[in-house]
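Student:
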Amino acid sequence: MKKLYALLVGIALTFSACSDNKNSAKTITVGATPVPHAEILEFVKPLLAKEGYTLNIQVFNDYVIPNIAVFQGEIDANFFQHTPYLEQFNKDKNTDLVKTVSVHLEPIGIYSTKLKSVYELSDGAKISIPNDPTNLNRALEVLQSASIIKLNNEKELKTKLDIVENARNVEIEELEAAQLPRTISDYELSVINTNFAIAANLNPLKDALFLEGKESPYANIVVVKKGNENKEAIKALDKVLNSEDVRRFIREKYQGAILEAF
Numbered sequence: 053m054k055k056l057y058a059l060l061v062g063i064a065l066t067f068s069a070c071s072d073n074k075n076s077a078k079t080i081t082v083g084a085t086p087v088p089h090a091e092i093l094e095f096v097k098p099l100l101a102k103e104g105y106t107l108n109i110q111v112f113n114d115y116v117i118p119n120i121a122v123f124q125g126e127i128d129a130n131f132f133q134h135t136p137y138l139e140q141f142n143k144d145k146n147t148d149l150v151k152t153v154s155v156h157l158e159p160i161g162i163y164s165t166k167l168k169s170v171y172e173l174s175d176g177a178k179i180s181i182p183n184d185p186t187n188l189n190r191a192l193e194v195l196q197s198a199s200i201i202k203l204n205n206e207k208e209l210k211t212k213l214d215i216v217e218n219a220r221n222v223e224i225e226e227l228e229a230a231q232l233p234r235t236i237s238d239y240e241l242s243v244i245n246t247n248f249a250i251a252a253n254l255n256p257l258k259d260a261l262f263l264e265g266k267e268s269p270y271a272n273i274v275v276v277k278k279g280n281e282n283k284e285a286i287k288a289l290d291k292v293l294n295s296e297d298v299r300r301f302i303r304e305k306y307q308g309a310i311l312e313a314f
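Residue numbers (the working numbering): 53 to 314.
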């Protein structure tokens with residue numbers, strides 16, 4: 053009887069393990085920043101369920117941890133960044149992360165609680181911008197487009213050292229992107245990524261004094277570890293994120309503040 057009991061327990065444990073593996077294989081875990089990435093992922097949950105997958109969303113308020121999590125295999129994919137940021141991250145961190153599909157564009161904008169126009173900017177004004185290399189470059193380019201500074205455009209990734217004209221003697225300070233909305237009142241102008249602006253109840257179309265143009269190369273993308281891009285689960289995720297349902301959702305929910313990029 054003891055041998056039979058042990059055999060039955062072994063069979064039960066084996067069946068349980070197989071069942072757990074099967075369930076695990078049907079779950080996709082994706083890291084995302086809260087707005088709009090996690091909102092878009094919440095919308096596609098039922099679409100992905102029709103493809104036979106359960107979507108598990110892990111929310112991050114950081115631009116580094118979700119990439120490390122994908123690289124280390126802790127999550128299957130992430131959705132928060134654009135290609136220039138990804139390329140710089142791979143270079144800096146010696147990772148091999150790759151893009152699968154583009155989903156949407158979040159135009160970066162100039163905001164203020166003190167000014168109603170960029171033309172009201174005072175001499176020697178303080179301006180805050182993101183401190184990660186690609187968004188720093190992007191912010192400087194927006195400031196140039198708004199005629200606040202002029203850059204030497206020879207380099208792909210520019211820094212404050214590439215400012216060649218600063219007629220208003222503005223002082224530009226670099227902060228972590230998530231801190232920009234919280235410190236906006238400390239500056240005359242703040243250049244803020246749309247995801248953090250929306251999370252802080254700033255409407256890009258109504259509140260931004262200046263917005264990045266639609267020709268921007270900074271579409272937000274799905275990212276996985278190299279070698280995983282052709283997995284069936286990732287293909288299913290890409291399919292629903294580039295669906296007409298998501299196109300309509302982006303247009304209706306964000307009313308032009310966020311644009312589809314597929």
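Where is the CB? At the ideal position from N, CA and C, for every residue including glycine. Only a predicted model underlies this, so the values are computations on that prediction, with no experimental measurement involved.
1) Determine the contact status of residue 249 and residue 161, defining contact as a CB-CB distance below 8 Å.
2) Alpha carbon to alpha carbon, how far is residue 285 from residue 107? Give it in angstroms, no decimals.
3) Near residue 90, what residues of its chain come up, given a Cβ to Cβ distance below 6 Å and the 5 sequence neighbours on each side ignored?
4) Cα-Cα, which of 208, 234, 203 is closest to residue 219?
5) Taking residue 291 and residue 122 to be in contact with their CB atoms under 8 Å, please state how far apart those CB atoms are, rounded to whole angstroms.
6) Taking 6 Å as the limit between beta carbons, can you name the residues of its chain near residue 140, skipping five residues before and five after?
7) In chain order, which beta strand (DSSP E) runs of at least 3 residues are fully inside the stretch 170-226?
8) Leaving out five residues on either side along the sequence, give the residues of the same chain with a beta carbon under 8 Å from the beta carbon of residue 303.
9) Using the Cα positions of residue 308 and residue 264, report the straight-line distance between them to the nearest angstrom.
10) To the nearest whole angstrom, what separates the beta carbons of residue 274 and residue 131, a pair I think is in contact under 8 Å?
11) Return the CA-CA distance between residue 87 and residue 245, expressed in angstroms with no decimal places.
12) Extract the residue ranges of the alpha helix (DSSP H) inside the stretch 109-145, only unbroken runs of 4 or more that lie entirely within it.
13) Measure from the alpha carbon of residue 103 to the alpha carbon of each residue in 288, 293, 247, then state which is nearest.
14) Note down, in chain order, each residue of its chain lying with its Cβ closer than 7 Å to the Cβ of residue 142, except the 5 sequence neighbours on either side.
15) Below 8 Å on the Cβ atoms is my contact criterion, and I expect residue 180 with residue 242 to pass it. Report the Cβ-Cβ distance as a whole number of Å.
16) Less than 8 Å between the C-beta atoms of residue 259 and residue 105, yes or no?
17) Considering residue 292, what are the terminal residues of the alpha helix (DSSP H) in which it resides?
Tutor: Taking the definition as stated:
1) yes
2) 10 Å
3) 84, 109, 111, listed in sequence order.
4) 203
5) With a Cβ gap of about 19 Å, residue 291 and residue 122 do not count as contacting.
6) 185, 186
7) 178-182, 215-217
8) 312
9) 13 Å
10) 5 Å
11) 11 Å
12) Listed in chain order, they are 117-123, 135-145.
13) 288
14) 148, 149
15) Indeed, because the Cβ distance is near 5 Å, the residues count as touching under 8 Å.
16) Taking C-beta atoms as the reference points, residue 259 and residue 105 fail to come closer than 8 Å.
17) 284-293
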